[in-house]
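Residue numbers for the sequence shown follow the numbering used here, so the first one is 4 and each next one is one higher. Ideal Cβ positions, reconstructed from N, Cα and C, are used throughout, including at glycine.
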Amino acid sequence: MKEATGELNMTVVTVVAIAAVGAFFYFFIWPGIQAGLARNTCKNICPEASVKSVNVKEGTCTCGNDEVINFKDVQDGGSTQGEGK
C-alpha cells in the first residue's frame with residue numbers, strides 16, 4: 004500500500020510540474036514569439052518593409068505610408084490591401 008501511495012504522489016508531482024512548465028511557456032515565452040511573428044509578417048506585407056506599428060491582438064500593421072493592413076485576413080487568404088487612414 005505504501006508503494007502505491009508513493010507512486011501516486013510522484014504522479015501528482017509530475018503532473019503539477021508539467022502544468023507549471025506549460026503555464027510558464029504560455030504566459031512568458033509565447034507572447035514574445037507571437038510578437039516576433041507579427042512583426043515579420045508586417046515587414047513582408049508592408050510596401051518597402053516600412054512598419055510604423057504592429058497590433059498583435061487586433062492583427063493589424065500600420066505601414067510607413069499610414070496604410071493599415073489586417074494581417075489576419077492575409078493569413079486566411081484575404082486581400083493584402085488595407086484601409087487607409
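Whether residue i touches residue j by CB criterion (8 angstroms)
| i | j | result |
| --- | --- | --- |
| C66 | V54 | yes |
| N73 | P50 | no |
| K46 | G62 | no |
| V59 | A38 | yes |
Which of helix, strand or coil DSSP assigns to residue i
| i | result |
| --- | --- |
| V16 | helix |
| V54 | strand |
First and last residue of the uninterrupted alpha helix (DSSP H) at residue i
| i | result |
| --- | --- |
| I72 | Segment 70 to 73 is the beta strand (DSSP E) holding I72; no alpha helix (DSSP H) there. |
| C45 | 33 to 48 |
Residue i burial status per 10 Å Cβ neighbour count (16 or more: buried)
| i | result |
| --- | --- |
| T44 | buried |
| A52 | exposed |
| A41 | buried |
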